[in-house]
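Working notes, structure below.
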Ligand code: ADP
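Residue numbers (the numbering used here): 974 to 1459.
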């Protein structure tokens, strides 16, 4: 028995229409721990047919779920939130095993993920419509906000819990049933969430989880089935483009949270120690494997050496080790492919003249040394593409205009960060950065109360906040005529 099979929330079947099921043909695929290489579970490898059944089950319960009073839907979401919170430790363990995320970050993710459920439970009861001042005496104009219909969610491995709750909590709150396809690397957290959703009282068919290794087949069904009215995806820009084209024939609505290439600007008037603390948090979280992780540190000439020295010393102090140990700060990468990409980026940077200030090279298994590269330039691959690993590249700039131009010189536009103590500069630069989110003297910006999302090749749509429910609601305008006068 694997080390997670004994956990009470361990489930190794897919969850469709309120039942735990296998694949029609009995096929399974393995879930492997990135930190130990252990086979944690075998889960059903569902295909298009089972996905279609899940969509149809969801569609059949949609009217009943949609028509429940918002307060009732909110009560089920609150119950789910309470269960997630009560099982924080166990969910964190599952997540750490299957994703290689260090345990303290997994615990933090459960809290972060549960916060979306609570927030949208509250928002469910505030999906107000509008009354429009009428242009004529004889008419009354009203706008309703109504649930969009069955929602499909395709989620990545790097946030096995929070990327699900950030999508499905607003969908469920709005009155939409969901069909979730978690990443093949991390299905166990999704299945544990399904078990808790079931206990919380979501009716059969409202919450479905499709486990599969056939992402493109299942993805096609989720895009093309006419009963799916909305697809919400978090993952790579390449897959986002594929999904967008697949959604075109049915005009399926889309929210896309795609890749980033986050710049982190440190000006000569910055509090350098604060900038270093922010950069460590924004770079080395989940070993650099989040889409808002810093990819390019842009530092003013005048503070370059001081920043590099302090930053490198702080990176050298990061603790690697067993991901289950609360003292460990940096865990392994998710796969051989991820390690190979990091190695290629570092080799490319060194060939193009970067200096290795710290690290370089892999450790045991899938771990890579926290690495600092200085004298990075826009010609390097790392300037153009997300490294998605614990490698920090430090670039140089000479003035504000140059910093802004360098920061915006990418097709991506998810998160950016800037450090300066000049309030005018903070405003100017924050407004000029072509990004969906900007941290000003702050390295950790995600919260359920603020809109998360990107522009340009980083996607479309916003998750969380008072805007997050809109993705799952359609406006309906009612025009009442023949009112007459008393
Ligand atoms: P990452 O590099 O983070 O794995 P991906 O975009 O490959 O990013 O994966 C994110 C999610 O998209 C995962 O659930 C994955 O299984 C899914 N996915 C990958 N390819 C496709 C596809 N062609 N159609 C639908 N989903 C896909």
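Glycine residues also receive a C-beta, built at the ideal position from the N, C-alpha and C atoms.
This structure is a prediction, so every number in the text was calculated from the model and none was measured.
### Query
Do residue 1191 and the ligand ADP come close, with the Cβ less than 8 Å from some heavy atom?
Position 218 of the chain shown, counted from the first residue, corresponds to residue 1191. Because some heavy atom of the ligand ADP lies under 8 Å away, the Cβ of residue 1191 counts as near it: yes.
### Query
Sorry if obvious, but does the Cβ on residue 1131 come closer than 8 Å to a heavy atom of the ligand ADP?
Here residue 1131 refers to the residue found at position 158 of the chain shown. Correct: residue 1131 has its Cβ closer than 8 Å to the ligand ADP.
### Task
Closer than 7 Å by C-beta to residue 1311: which residues in its own chain qualify, once you throw out the five before and the five after it? Chain order, please.
Here residue 1311 corresponds to residue number 338 of the chain shown, with the count starting at 1. These residues qualify, in order along the chain: 1361 and 1362.
### Message
Excluding the 5 residues flanking residue 997 on each side, which residues of the same chain have their C-beta closer than 7 Å to its C-beta?
### Response
Walking along the chain shown from the start, residue 997 turns up at place 24. Here the set comprises 1022 and 1023.
### beta-carbon residue 1208 near the ligand ADP non-hydrogen atom, thresh 8 Å
Here residue 1208 corresponds to residue number 235 of the chain shown, with the count starting at 1. Yes, the Cβ of residue 1208 comes within 8 Å of a heavy atom of the ligand ADP.
### Query
Secondary structure at residue 1336, three-state DSSP: helix, strand or coil?
As a first step, residue 1336 must be located in the chain shown, where it is residue number 363. It is coil, neither helix nor strand.
### Cα-Cα separation, residue 1187 to residue 1328
Within the chain shown, the letter at position 214 stands for residue 1187. Within the chain shown, the letter at position 355 stands for residue 1328. Computed Cα separation, rounded: 41 Å.
### Task
Out of 1338, 1366 and 1339, point me to the one whose CA is closest to residue 1350's CA.
As a first step, residue 1350 is located in the chain shown; it is residue number 377 there, counting from the start. For the residues 1338, 1366 and 1339, the minimum Cα distance to residue 1350 belongs to 1366.
### Task
In the DSSP assignment, find the unbroken beta strand (DSSP E) run with residue 1412 in it and report its ends.
As a working note, residue 1412 is residue 439 in the chain shown. That run of the beta strand (DSSP E) goes 1410-1413.
### Query
Do residue 1431 and residue 1386 have their C-beta atoms closer together than 9 Å?
In the chain shown, residue 1431 corresponds to position 458, counting from 1. In the chain shown, residue 1386 corresponds to position 413, counting from 1. Cβ distance < 9 Å, so residue 1431 and residue 1386 count as in contact.
### Message
Threshold first: 3 residues or longer. Then list the beta strand (DSSP E) segments lying entirely within the stretch 1275-1347, N to C.
### Response
1328-1331
### Query
Between the Cα of residue 1094 and the Cα atoms of 1050, 1118, 1270 and 1059, which residue gives the shortest distance?
Residue mapping note: residue 1094 aligns to position 121 of the chain shown, counting from 1. Considering only alpha carbons, the answer is 1050.
### Task
Ignore the nearest five residues each way along the sequence and tell me which others in residue 1261's own chain have a CB closer than 6 Å to its CB.
One-based indexing of the chain shown puts residue 1261 at position 288. The residues are 1362 and 1363.
### Message
Can you tell me whether residue 1451 is buried or exposed? The criterion is at least 16 other CB atoms within 10 Å of its CB, across all chains shown.
### Response
Position 478 of the chain shown, counted from the start, is the residue given in the question as residue 1451. Residue 1451 comes out exposed.
### Spatial distance of residue 1330 from residue 1270 (CA atoms)
Position 357 of the chain shown, counted from the start, is the residue given in the question as residue 1330. Position 297 of the chain shown, counted from the start, is the residue given in the question as residue 1270. Between residue 1330 and residue 1270, the C-alpha separation is close to 14 Å.
### Message
For a minimum of 4 consecutive residues, which ranges assigned as the alpha helix (DSSP H) are wholly contained in the stretch 1179-1237?
### Response
1188-1197 and 1210-1220
### Query
Below 9 Å between beta carbons: does that hold for residue 1140 and residue 1159?
Position 167 of the chain shown, counting from 1, holds the residue named residue 1140. Position 186 of the chain shown, counting from 1, holds the residue named residue 1159. Cβ distance not < 9 Å, so residue 1140 and residue 1159 don't count as in contact.
### Message
If the criterion is Cβ atoms closer than 9 Å, does the pair residue 1133 and residue 1177 meet it?
### Response
Residue mapping note: residue 1133 aligns to position 160 of the chain shown, counting from 1. Residue mapping note: residue 1177 aligns to position 204 of the chain shown, counting from 1. Not in contact: residue 1133 and residue 1177 (Cβ atoms no closer than 9 Å).
### Message
Assuming contact is defined by CB atoms lying nearer than 9 Å, are residue 1444 and residue 1410 in contact in what I supplied?
### Response
Here residue 1444 is taken as the residue at index 471 of the chain shown, counted from 1. Here residue 1410 is taken as the residue at index 437 of the chain shown, counted from 1. Their beta carbons are not under 9 Å apart, which means residue 1444 does not touch residue 1410 by this criterion.
### Query
Which one of 1025, 1276, 1301 and 1058 has the shortest CA to CA distance from residue 1125?
Position 152 of the chain shown, counting from 1, holds the residue named residue 1125. Checking every option, the nearest Cα to that of residue 1125 belongs to 1025.
### Message
I need the DSSP call for residue 985, collapsed to helix, strand or coil.
### Response
Numbered from its first residue, the chain shown carries residue 985 at position 12. Residue 985: coil per DSSP, three-state reduction.
#### Entry: Exposure of residue 1355, with buried meaning 16 or more beta-carbon neighbours within 10 Å
Your numbering for residue 1355 matches position 382 in the chain shown. So residue 1355 counts as buried.
### Message
Spatial neighbours of residue 1252 within its chain, please: C-beta separation below 7 Å, excluding the five flanking residues on both sides.
### Response
Locating residue 1252 in the chain shown gives position 279, counting from the first residue. The answer, listed in chain order, is 1237, 1267, 1270, 1284 and 1416.
### Task
Please indicate yes or no: does the CB of residue 1155 lie closer than 8 Å to some heavy atom of the ligand ADP?
To locate residue 1155, count along the chain shown from 1; it is residue 182. Yes.
### Query
Around the Cβ of residue 1400, are there at least 16 other Cβ atoms within 10 angstroms (buried) or fewer (exposed)?
The residue you call residue 1400 lines up with position 427 of the chain shown. Exposed: under 16 other Cβ atoms inside 10 Å.
### Query
Around the Cβ of residue 1448, are there at least 16 other Cβ atoms within 10 angstroms (buried) or fewer (exposed)?
Position 475 of the chain shown, counted from the start, is the residue given in the question as residue 1448. With fewer than 16 Cβ atoms within 10 Å of its Cβ, residue 1448 is classed as exposed.
### Task
Taking 8 Å as the threshold, find out whether the stretch 1075-1087 comes into contact with the stretch 1295-1305 through three or more Cβ pairs.
yes
### Message
For residue 1135 and residue 1085, which I take to be in contact (beta-carbon distance under 8 Å), what is that distance rounded to the nearest angstrom?
### Response
Stepping through the chain shown from its first residue, residue 1135 is reached at position 162. Stepping through the chain shown from its first residue, residue 1085 is reached at position 112. So it is a contact: roughly 5 Å between Cβ atoms.
### Option in 1066, 1058 and 1241 with minimal Cα separation from residue 1013
Along the chain shown, read from residue 1 onward, the residue named residue 1013 stands at position 40. Answer by Cα proximity: 1066.
### N-terminal and C-terminal residue of the alpha helix (DSSP H) that residue 1034 is part of
Taking the chain shown and counting its residues from 1, the one referred to as residue 1034 is at position 61. Unbroken alpha helix (DSSP H) run through residue 1034: 1021-1040.
### Task
Using beta-carbon positions only, say whether residue 1340 and residue 1291 come within less than 9 Å of one another.
Start at 1 with the first residue of the chain shown, and residue 1340 comes out as number 367. Start at 1 with the first residue of the chain shown, and residue 1291 comes out as number 318. Not a contact, by the Cβ cut-off of 9 Å.
### Task
Note the first and the last residue of the continuous alpha helix (DSSP H) segment covering residue 1079.
Here residue 1079 corresponds to residue number 106 of the chain shown, with the count starting at 1. 1076-1097 is the extent of the alpha helix (DSSP H) around residue 1079.
### Query
Per DSSP, residue 1001 forms a beta bridge with which residues?
Position 28 of the chain shown, counting from 1, holds the residue named residue 1001. Answer is 1017, bridged to residue 1001.
### Rounded distance between the beta-carbons of residue 1394 and residue 1243, thought under 8 Å
By 1-based counting over the chain shown, the position of residue 1243 is 270. By 1-based counting over the chain shown, the position of residue 1394 is 421. Correct: roughly 6 Å between the Cβ atoms.
### Message
Could you compute how far the alpha carbon of residue 1196 sits from the alpha carbon of residue 1317?
### Response
As a first step, residue 1196 must be located in the chain shown, where it is residue number 223. As a first step, residue 1317 must be located in the chain shown, where it is residue number 344. So the alpha carbons of these two residues sit roughly 34 Å apart.
### Query
For residue 1432, which three-state DSSP category applies?
Along the chain shown, one-based indexing puts residue 1432 at 459. Reduced to three states, the DSSP call for residue 1432 is strand.
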